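Going by the numbering used here, 183 is the number at position 66 of the sequence shown; the sequence numbering is gapless.
Glycine is no exception: its CB is placed at the ideal position from the N, C-alpha and C atoms.
These numbers come from a predicted model, not from an experiment.
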Amino acid sequence: MNTYKSSAELKGMSKEQLFGHYGTVIGAMFLIGIISLVANSIPSTLVVASSIPELIIYYLISFVITLFLGIFNSGEAFLYLKLICRQPVSAGDIFYGFKVYPDKAILLQFVRSLITYICLTPVMIFYYLYLTTASPVYMLLMSIFLVISAIIIAVTRLLLSQTFFLLQDFPQYSAKELMKMSCQIMKGHKGRLFYIAVSFLPLYLLSAFSFFIAFFWLVPYTNAVMANFYMDLMKNRNQTSANDISQYNP
């Protein structure tokens with residue numbers, strides 16, 4: 118029988134596991150934040166994006182940078198899996214993705230980013246046309262495509278949400294196999310993960326009243342909960358597999 122943990126249980130576990138490690142995870146968050154800030158500023162320094170061709174170049178550069186940052190997603194997944202497994206962690210763990218299969222991390226990020234950019238391309242085009250023509254038709258089209266894109270991106274992100282965690286546990290798998298496995302283990306759990314993610318929104322909104330100082334606690338907390346969600350999925354998956362085998366081996 119599967120016994121998946123509730124959102125409250127996952128959050129309680131995460132708070133306990135983070136105790137005494139906030140300095141480390143906040144340091145890791147700072148490193149990723151600074152690297153992302155510098156990397157994401159590159160397109161705007163190279164391209165003005167005052168025309169459609171320049172806009173395309175701008176987003177192509179941004180896309181390549183996003184692939185590079187995917188390696189840090191792998192390192193971050195490694196750090197938080199170590200944390201919830203009670204292993205020693207350090208801020209330098211975020212660079213782990215450069216040591217072990219960075220090519221797979223880039224491929225995983227490529228698929229996620231490609232879907233996002235394809236979905237948002239019509240939105241950006243209509244937004245640009247609206248700015249240059251001030252036609253309400255373009256604003257309407259932009260709004261329609263924005264809603265459609267948001268739904269597609271959300272569902273895709275939920276399906277592929279476990280890929281970087283899976284990469285740490287199954288590095289021998291190809292990027293395609295990791296994505297397929299993520300989709301499989303997320304069957305019947307997309308709503309549960311969506312609920313957990315949405316439950317953090319009030320906290321993120323309230324953090325604005327602390328001049329965003331609460332982010333230093335909230336971001337690691339969210340990441341730890343997501344790592345525990347993955348571990349919960351895998352433990353129950355292994356239990357189900359064991360039960361299936363026992364049916365044929367009385």
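For the pair of segments examined, the stretch 142 to 154 was found to touch the stretch 326 to 346: the number of CB pairs separated by less than 8 Å reaches three.
Looking at the backbone, the Cα of V254 and that of V240 are separated by about 13 Å. Following the DSSP letters along the chain, one finds S252 in no alpha helix (DSSP H), marked with neither H nor E. If you check the CB distance, S131 and V342 come in under 8 Å. Inclusion of I201 and N345 in the CB contact set at 8 Å is warranted, their separation being smaller than that value. Every alpha helix (DSSP H) of 4 residues or more that sits fully in the stretch 149 to 200 is shown, in chain order, as 159 to 163. By the Cβ rule, the stretch 186 to 195 counts as touching the stretch 214 to 233, because three or more pairs are nearer than 8 Å. Excluding five sequence positions before and after L196, the CB atoms of its chain that fall closer than 7 Å to its own CB belong to A145, V206, D210 and I211, given in chain order. For P205, no alpha helix (DSSP H) run applies, since DSSP gives it neither H nor E.
Nearest in C-alpha terms to E126, of all of I313, V155 and I302, is I313.
Its chain contains P288 as the residues whose beta carbon lies nearer than 7 Å to that of V217, once the 5 sequence neighbours on both sides are disregarded; these appear in chain order. Burial check for G137: the Cβ neighbour count within 10 Å stays below 16, so the residue is exposed. 8 Å or more divides the Cβ of L177 from the Cβ of R229. Here DSSP, grouped into helix, strand and coil, assigns A292 to helix. L318 sits in a helix when the DSSP states are folded into three classes. Looking only at R354, A271 and L283, the smallest Cα-Cα distance to V315 is reached by A271. Residue environment for S299: buried (at least 16 other C-beta atoms within 10 angstroms of its C-beta).
Non-local C-beta neighbours of R274 in its own chain, meaning closer than 8 Å and more than five positions away in sequence, comprise R229, ordered along the chain. The alpha helix (DSSP H) runs lying completely inside the stretch 221 to 278 and spanning 4 residues or more are 253 to 276, given in chain order. The beta carbons of G187 and L225 sit closer together than 8 Å. For the 8 Å CB-CB criterion, Q285 and I302 do not form a contact.
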